[in-house]
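J.:
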Amino acid sequence: MTQLVDYADAVRRFDPVLGIEVHVELGTRTKMFCPAEVSFGGAPNTQTTPVSLGLPGALPVVNGTAVEYAIRIGLALNCQIAESCRFARKNYFYPDVPKNFQTSQYDEPIAFDGWLDVELEDGTIHRVEIERAHMEEDAGKNTHVGGAAGRIHGADYSLVDYNRAGIPLVEIVTKPITGVGDRAPEVARAYVQALRDIFRVLDVSEARMERGNVRADVNLSLRATPDAPLGTRTETKNVNSFRSVERAVRYEVSRQAAILDAGDTVIQETRHWHEDTGITTSGRVKSDAEDYRYFPEPDLVPVEPSREWVEEIRAGLPELPQARRRRLQDEWGYADAEMRDVVNAGALDLIEATIAAGSSPAAARKWWMGELARRAKQDEVELAELSITPAQIGELQGLIDSGRINDKIARQVLDGVLAGEGDPEQVVAARGLEIVSDDGALLSAIDEALAAQPDVVEKVRGGNQGPVGAIIGAVMKSTKGQADAKRVRELVLERIGS
Amino acid sequence: MTDLTRLSAADLAEKLRHREVTSVEATQAYLDRIAAVDGSVHAYLHVNADEALATARDVDARRAAGEELHPLAGVPIAVKDVVVTQGMPSTAGSKILEGWVPPYDATLVEKIREAGLPILGKTNMDEFAMGSSTEHSAYGNTHNPWDLERIPGGSGGGSAAAVAAFTAPLAIGTDTGGSIRQPGAVTGTVGVKPTYGGVSRYGLIALASSLDQAGPVTRTVLDSALLHELIGGHDPRDSTSIPEPLPPLVEAAKQGALGDLSGVKVGVVSQLQGEGYQAGVQTRFEESLDLLRQAGAEVVEVSCPHFEYALAAYYLILPAEASSNLAKFDGMRFGLRVEPEEGPVTAERVMAATRGAGFGDEVKRRVILGTYALSAGYYDAYYGSAQKVRTLIQRDFDEAFAQVDVLVSPTAPTTAFKLGEKLDDPLAMYLNDVATIPANLAGIPGISVPNGLSDDGLPVGFQVLAPAKADDRLYRVGAALESALEKSWGGPLLDRAPELG
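These protein sequence lines are chains A and B, in that order.
Quick note: to get my numbering, add 324 to the position in the first sequence (first position is 1).
Quick note: to get my numbering, add 399 to the position in the second sequence (first position is 1).
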């Protein structure tokens, strides 16, 4: 294998062109073509019917909810929705495909010709053109037993679980993404991330990358200059995290640049992504030898969503992530950079909920991007994984705003909540952290302090207010910091003056 | 007491209803008849005696308790082996499904069970319904009850032979290019291919999804109407099922049997007669036209110019769909599994070995043909062109039905040929279906009514075709013809069949 070309060098001399196919598993109750239940983690082959097992005689029927979800996705991606579209059969023999053909839309996708504006971390926006979004069914899952590392090669035998077979998928295919230059990896990542966010907001999928709900195939080719014809592409399959999408693109850029530098040609092929080593390796060669013999699925009538229905779905679409971010930034008065940091930290939902619980936008941001971010980092968890809720933060901030605790005590309350001692109110009560605002209690503490430091009293009486801090410090100490320092100061001065 | 097996299903149902006979008696009579003659006919692949009798006992008990039952309750029935039946073998005539017992029932079987018809067994057929003689069954030939040296037609030779041999009063067939109607014609029985989508395909082991349709095989037109009404209607599990109720079929058959066809316009398809049709077939056809005229029908000639391409288009569309439908038979999940004799045992090699050993020659021929027709670079020339021809044939029908109410032709160009006669000549075999195939390509309904014996003493059939969803017209015209013919013969045609056993 040729030495890789340094990424920065590669993108100086070559223009990368991306193409991304994202599969999303829809969160429907039942499968694409039969009433078998869809849920995660069932015992193997328990979520099946004669249809999803491909038994002789079984026939598919299209899941109407899956069609609605596909239309939702299409509309969110600014696509046209087909007035009539058919499924096709993609014929190939493989044990995880029970019928030995996959029922998939082919040349008649339900949604086509759309676009999505993708925002990079620095706020740059790149428009990705969407070629199509089409419906299909998932395959079963093979487990290879024996041999090396669960691979089919060298395995003693393989087991197939058809629970996943027939789960509805929507595949979203971009047009060639050009003009991204050295930012290709970032664009690829941001695009997949933006799609994931959209799936969640649309409520069409749990969209959990780690469960394989969202899977990306990354096509990449290089060309000498942006006006040269497209180069030969490779398709890196099943890149299943945002970070991997970015890394896989970088790797392929460096690898293909090395091949081109050596005067060789890139082979059009499927490549496998290796999460552990961060490289891609050759899969099967994709060529004319691969003939899926597509033809229209004769067991299904065309899907013909009425225009009224499409408009009804459009009207019911929720606010999409980008529009929501703009609205919230406006409402909260955050600066661009502040908003980006919030989004990148995954704190948007948390802050929104905290504000809803009564906090000011500034205070909410201060909590989540400050103290809580520090603690999440320290514990190596996501913000949302901290054992504290936005409602609790809202309550905590409310205690500060009403003067019942101060900032310093708030951190102790936070400790208590994180330690599972209950809501902030409960922690304050249990730990006895409420600020002492009873003048009587304060006065006895003050008198004690004054008696202990007669020299300070003298100086203050002499007109020098500087040393009064020593008295306040002593009072705060004796009240374990639970006194309102401002009130203490007023009372001390009053006392000394009298 | 009359021989119960000689009664029509309608007459038997009547006797059951009046409790003149019990379902157990009728079912036992059929089982006895099967035991007596099926050794020489071989219509059945599986006889379901115990369950059939249990169903019969149950129906008798319910009837005795005064329960309201389906009109056909207690009347036994045979089911073509291409239809899946829970707990009963369903091989589709193929070795690759030997021993497979489906875990579910086809929709039409569910309806049959719900209505209380004892299922006598599963009938023989060409493997995966590919053939016109039942000689392509992996389980031996079925013999035509009219002449045991001859074929019973195909692919549904078993169902037709069972009904003709009085080993079943009713049977289920499936018709992809004539597999109900052609066996009906050569065995002197009635066979109906309903409108595509009229009877659920859920649970039919698919041959060609866009052409397959299940339907009745019976001895009378009225019996077909009764069975058609039982098995037909919308099924949400079949997305190509018509979401509308059936037209009144039994009523149409009863009306037709009164013999008055005034106001009915009958079109003779000029492309489906004359050259290539056996002289006796042609003569009986013309005599039947006279009977229709005498009943008051107006008979005119119509042209369907694209029918000459029907056979060619059919033999591209069918193999293409079949090559994909039959891909699931790979030894991975059910049925036969064969490991390669030598070399590594990989999934791909097991699939190849299983398919190599499990499929017969005709199936392999069509799978290879269909795979080729769908291949990149050939798709447009073959599958694509065939679909265009299909559209043109549909248009021919549209234009014809704008002029007439029904179209008619001989059902098959010849009477039953000898077993083995055409086995090595697939093209000659395919020509048997020349008159029946256009209906499948257009999705319209058709019936074959026995209309006499040819010069060789063997039965011939008269085909009536109607527009989609107008199946009732088949029954009206078919019943009118049947009643006129039986009047001229002095009884049913099957009375003239040789005595078996």
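Built from N, CA and C at the ideal position, the CB exists for glycine as well.
From a predicted model like this one, the values you see are computed outputs, not experimental measurements.
Is the CB of B:S608 under 8 Å away from at least one CB in chain A?
T.: It does; some Cβ of chain A falls within 8 Å.
J.: In angstroms, rounded to a whole number, what distance separates the CA positions of A:Y418 and A:V484?
T.: So the two alpha carbons sit approximately 11 Å from each other.
J.: Please look up how many angstroms separate the CB atoms of B:G556 and B:T566, rounded, as I've assumed it's under 8 Å.
T.: Not really, about 13 Å apart at Cβ, beyond 8 Å.
J.: Please classify B:W545: does DSSP put it in a helix, a strand, or coil?
T.: Of the three classes helix, strand and coil, the one that applies to B:W545 here is coil, per DSSP.
J.: Ignore the nearest five residues each way along the sequence and tell me which others in A:P374's own chain have a CB closer than 6 Å to its CB.
T.: Within the same chain, A:P374 has close Cβ partners A382.
J.: Assuming A:R456 and A:F436 are in contact, meaning their beta carbons sit under 8 Å apart, how far apart are those beta carbons, in whole angstroms?
T.: Right, their Cβ atoms sit about 4 Å apart.
J.: Which residues, in chain order, does the region 375-409 of chain A contribute to contact with chain B at a C-beta distance below 8 Å?
T.: Taking 8 Å as the Cβ-Cβ cut-off against chain B, the residues of the region 375-409 of chain A that qualify are L377, G378, L379, P380, G381, A382, L383, P384, V385 and V386.
J.: Suppose the cutoff is 6 Å on Cβ atoms and the five residues either side in sequence are ignored; what does the same chain contact list for A:D612 look like?
T.: Unreliable placement is indicated for A:D612, whose pLDDT of 47 sits below 50; the coordinate value is still reported in the next sentence. Result list for A:D612: empty, nothing under 6 Å.
J.: I need the boundaries of the alpha helix (DSSP H) containing B:V680, first residue and last residue.
T.: First-last of the alpha helix (DSSP H) with B:V680: A678 to Q693.
J.: Give me the residue from B:K868, B:E761 and B:A827 with the minimum Cα distance to B:F800.
T.: It is B:K868 whose Cα lies nearest to the Cα of B:F800.
J.: Beta-carbon of A:K355 versus every beta-carbon of chain B: anything under 8 Å?
T.: So, not an interface residue.
J.: A:T560 bridges to which residues according to DSSP?
T.: Beta-bridge pairing links A:T560 to A:V542 and A:R595.
J.: Residues of chain B with CB under 9 Å from A:P422, in chain order?
T.: Within chain B, the residues near A:P422 are K727, M731 and R732.
J.: Assuming A:V816 and A:V792 are in contact, meaning their beta carbons sit under 8 Å apart, how far apart are those beta carbons, in whole angstroms?
T.: The pair is a contact, with the Cβ atoms about 6 Å apart (cut-off 8 Å).
J.: Which word fits B:G520, buried or exposed, when buried means at least 16 other C-beta atoms lie within 10 angstroms of its C-beta?
T.: Buried, since its Cβ has 16 or more Cβ neighbours within 10 Å.
J.: Let me confirm a value: A:R574 is counted as buried when at least 16 other C-beta atoms fall within 10 Å, else exposed. Which label applies?
T.: Looking at its Cβ environment, which holds 16 or more other Cβ atoms inside 10 Å, A:R574 is buried.
J.: What residues in the region 629-647 of chain B bring their beta carbon closer than 8 Å to a beta carbon of chain A?
T.: Answer set for the region 629-647 of chain B: P635, R636, D637, S638 and T639.
J.: Are A:E719 and A:P748 touching if we call contact CB-CB under 8 Å?
T.: A contact, by the Cβ cut-off of 8 Å.
J.: Over the uninterrupted alpha helix (DSSP H) stretch that includes B:S623, give me the two end residues.
T.: Its alpha helix (DSSP H) spans residues V620 to I630.
J.: For a test of the three-state rule: what should DSSP assign to A:S606, helix, strand or coil?
T.: Reduced to three states, the DSSP call for A:S606 is strand.
J.: Among the candidates B:G662, B:D546, B:S722 and B:G632, whose CA atom is the shortest distance from the CA of B:F527?
T.: Nearest option by C-alpha distance: B:S722.
J.: Can you name, in chain order, every residue of its own chain whose Cβ lies under 6 Å from the Cβ of A:M356, other than the five neighbours on each side?
T.: Here the set comprises N387, A390, E461, G490 and P492.
J.: Which chain A residues are close to B:P501, counting only those with a beta carbon under 9 Å from its beta carbon?
T.: Here the neighbours are P374, L379, P380 and G381.
J.: In angstroms with no decimal places, state the Cα-to-Cα distance between A:A479 and B:A746.
T.: Going by the C-alpha atoms only, they are around 11 Å apart.
J.: Quick one: what does DSSP say B:S847 is sitting in, helix, strand or coil?
T.: Strand.
J.: Given a limit of 8 Å on CB to CB distance, which residues of the region 739-761 of chain B reach chain A?
T.: So the close ones are A746, E747 and M750.
J.: Any beta-carbon of chain A closer than 8 Å to the one on B:T533?
T.: Taking Cβ atoms only, chain A never reaches closer than 8 Å to B:T533, which makes this a no.
J.: Could you name the residues of chain B that A:P622 contacts, counting a contact when the two beta carbons are closer than 7 Å?
T.: What A:P622 touches in chain B: S608, S609 and E720.
J.: I need the boundaries of the beta strand (DSSP E) containing A:E453, first residue and last residue.
T.: Element bounds for A:E453: I449 to E461.
J.: Using three-state DSSP, classify B:A477 as helix, strand or coil.
T.: DSSP places B:A477 in strand when its eight states are reduced to three.
J.: For A:I717, count the other beta carbons within 10 Å of its own beta carbon; 16 or more makes it buried, fewer makes it exposed. Which is it?
T.: It counts as buried.
J.: Less than 8 Å between the beta carbons of B:P844 and B:D870, yes or no?
T.: Yes, they are a contact pair.
J.: Short of 9 Å Cβ to Cβ, which residues in the region 482-497 of chain A face chain B?
T.: Residues S482, V484 and Y486.
J.: Identify, in the order they occur along the chain, each residue of the same chain with its Cβ nearer than 8 Å to the Cβ of B:V680, setting aside the five sequence neighbours on each side.
T.: Closer than 8 Å at the Cβ level, and outside the excluded window around B:V680, lie P809, A811, P812, T813, T814, S853 and V859.
J.: Would you grab the beta carbon distance between A:S619 and B:A719 for me? Rounded to a whole angstrom, and I think it's under 8 Å.
T.: Before going on, a small fix: residue 619 of chain A reads as Phe here, not Ser. Indeed, because the Cβ distance is near 6 Å, the residues count as touching under 8 Å.
J.: Identify the residues that DSSP records as bridge partners of A:V341: which are they?
T.: BP columns for A:V341 point to A:S545.
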